[in-house]
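Notes for the one structure printed next.
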Amino acid sequence: MKPIKKVAVLHDICGVGKAGAMNMIPILSVMGMEVCLVPTMLLSTHTGGYGKPVICPVSPDYLSDCAKHYKKEKIEFDFIFVGYLGNCDMVDGVLDFIRHFPKAKVVTDTIMGDNGEFYGNFDSSYLQAVKKLLAFSDLILPNYTEACFLAGMEYRKNPSQTYQNELCERLMKLGAKDMVITSVTAAEGTGILYCEKGKKDCLYLDCEPHNIHGTGDVFDGVILGNCMRGLPLKENIVKAHQFVKTCIAETYRYDYNKREGVLLEKMLPMLV
172 MKPIKKVAVL
182 HDICGVGKAG
192 AMNMIPILSV
202 MGMEVCLVPT
212 MLLSTHTGGY
222 GKPVICPVSP
232 DYLSDCAKHY
242 KKEKIEFDFI
252 FVGYLGNCDM
262 VDGVLDFIRH
272 FPKAKVVTDT
282 IMGDNGEFYG
292 NFDSSYLQAV
302 KKLLAFSDLI
312 LPNYTEACFL
322 AGMEYRKNPS
332 QTYQNELCER
342 LMKLGAKDMV
352 ITSVTAAEGT
362 GILYCEKGKK
372 DCLYLDCEPH
382 NIHGTGDVFD
392 GVILGNCMRG
402 LPLKENIVKA
412 HQFVKTCIAE
422 TYRYDYNKRE
432 GVLLEKMLPM
442 LV
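For the sequence shown, our numbering assigns the number 172 to the initial residue and increments by one for each residue that follows.
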């Protein structure tokens with residue numbers, strides 16, 4: 172029996188500001204996972220308030236070469252997390268990485284847009300590339316906009332139950348197994364739609380009235396850590412949401428520059 176589970180985190184790194192892998196590493200570590208970071212992009216800061224960051228791209232060949240090196244050294248992973256990729260070629264590099272580790276469970280955040288629109292550096296060609304990841308993923312973590320794009324459905328506010336069901340069904344037809352869809356704008360409030368082993372439901376949870384950059388990565392980290400612990404998806408979502416909510420509330424208790432991200436370090440003991 173292994174004393175600890177190992178996860179390969181394929182995500183971006185920013186030097187200043189808490190986002191991307193810099194949020195996920197401490198969360199996963201304190202939750203008892205060995206984190207092996209495989210960077211997909213290097214940035215001087217995150218993109219939420221520091222002006223234009225200095226960016227150093229990573230070649231997709233780097234991902235493939237890392238995978239070959241790990242296999243040569245008989246390194247295996249229990250989980251692979253796929254985060255920010257940035258371009259179509261990186262998607263192909265990630266697919267090659269995943270194929271080297273068929274026993275690993277794959278969790279993918281399909282980062283590409285929000286509020287019914289693509290982020291500025293993404294378009295329909297990137298969407299088509301990301302779709303290929305769904306068939307290799309055990310759990311996907313799109314927001315509502317990304318889920319609509321992937322499913323080829325119109326972005327609707329206040330989607331009906333029928334619409335939500337069809338959204339999940341279309342994603343499953345693309346190969347997605349389980350899913351957590353955040354930021355669903357429904358009449359009942361902002362919801363988190365999930366599907367686990369074919370069972371669908373939407374949770375409407377109280378939110379903090381503030382947005383802080385990097386909270387999606389905090390949510391992803393807790394979800395992944397609790398997947399490692401074997402929690403059912405509904406319980407996992409509630410715990411991840413509550414942790415994010417608590418982090419935001421704690422951040423606003425202090426004279427703390429919010430562009431740094433949430434005050435994560437003080438809250439990590441909650442996850443032990």
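All residues carry an ideal CB built from backbone N, CA and C; glycine is no exception. None of the values given here were measured: they were computed from a predicted structure.
Assuming residue i contacts residue j under a Cβ cut-off of 8 Å, what Cβ separation, rounded to an integer in Å, is found between them?
| i | j | result |
| --- | --- | --- |
| GLY396 | MET204 | 6 Å |
| ALA190 | HIS412 | With a Cβ gap of about 18 Å, ALA190 and HIS412 do not count as contacting. |
| LEU181 | LEU234 | 7 Å |
Keeping to the same chain, check which residues put their C-beta closer than 7 Å to that of residue i; ignore five residues upstream and five downstream.
| i | result |
| --- | --- |
| ALA347 | LEU305, SER308, ILE311 |
| ALA318 | LEU338, LEU342, ILE352 |
Return the chain-ordered list of same chain residues with a C-beta closer than 8 Å to the C-beta of residue i, the five sequence neighbours on each side being excluded.
| i | result |
| --- | --- |
| LYS239 | HIS271 |
| SER296 | CYS259 |
| LEU434 | CYS418, GLU421, THR422, TYR425, TYR427 |
| ALA358 | ASN329 |
| CYS237 | VAL209, PHE268 |
Check whether the Cβ atoms of residue i and residue j sit closer than 8 Å, and answer yes or no.
| i | j | result |
| --- | --- | --- |
| VAL209 | ALA179 | yes |
| ARG430 | GLY219 | yes |
| LEU214 | ILE246 | no |
| ASP391 | ASP280 | yes |
| GLY264 | ASP232 | yes |
| THR211 | TYR241 | no |
| VAL160 | LYS410 | Residue 160 cannot be examined here, being either before or after the span of the chain that is shown, 172 to 443. |
| LEU225 | ILE251 | Correcting the residue type first, residue 225 is Val in the shown sequence and not Leu. The answer is no: Cβ separation not under 8 Å. |
| GLY186 | THR216 | yes |
Indicate the three-state DSSP secondary structure (helix, strand or coil) for residue i in the structure shown.
| i | result |
| --- | --- |
| THR422 | helix |
| SER354 | strand |
| GLU367 | strand |
| LEU208 | strand |
| VAL265 | helix |
| CYS237 | helix |
| ASN336 | helix |
| ASN194 | helix |
For residue i, collect the residues of the same chain with a Cβ closer than 6 Å to its Cβ; drop the 5 residues on either side in sequence, then sort them by chain order.
| i | result |
| --- | --- |
| LEU364 | GLN335, ILE352, VAL355, CYS373 |
| PHE320 | LEU298 |
| ILE175 | GLU205 |
For residue i, count neighbouring C-beta atoms within 10 Å of its own C-beta (all shown protein chains included) and say buried if the count is 16 or more, exposed if not.
| i | result |
| --- | --- |
| GLY360 | exposed |
| TYR315 | buried |
| GLY362 | buried |
| VAL262 | buried |
| THR386 | buried |
Using a Cβ-Cβ cut-off of 8 Å, state whether residue i counts as contacting chain C.
| i | result |
| --- | --- |
| GLY254 | Protein chain content of the structure displayed is limited to a single chain, and chain C is not contained in it. |
Is any non-hydrogen atom of the ligand GDP found closer than 7 Å to the C-beta of residue i, if you look at the structure I gave you?
| i | result |
| --- | --- |
| LYS410 | Among the components modelled here there is no ligand, and therefore nothing to report on the ligand GDP. |
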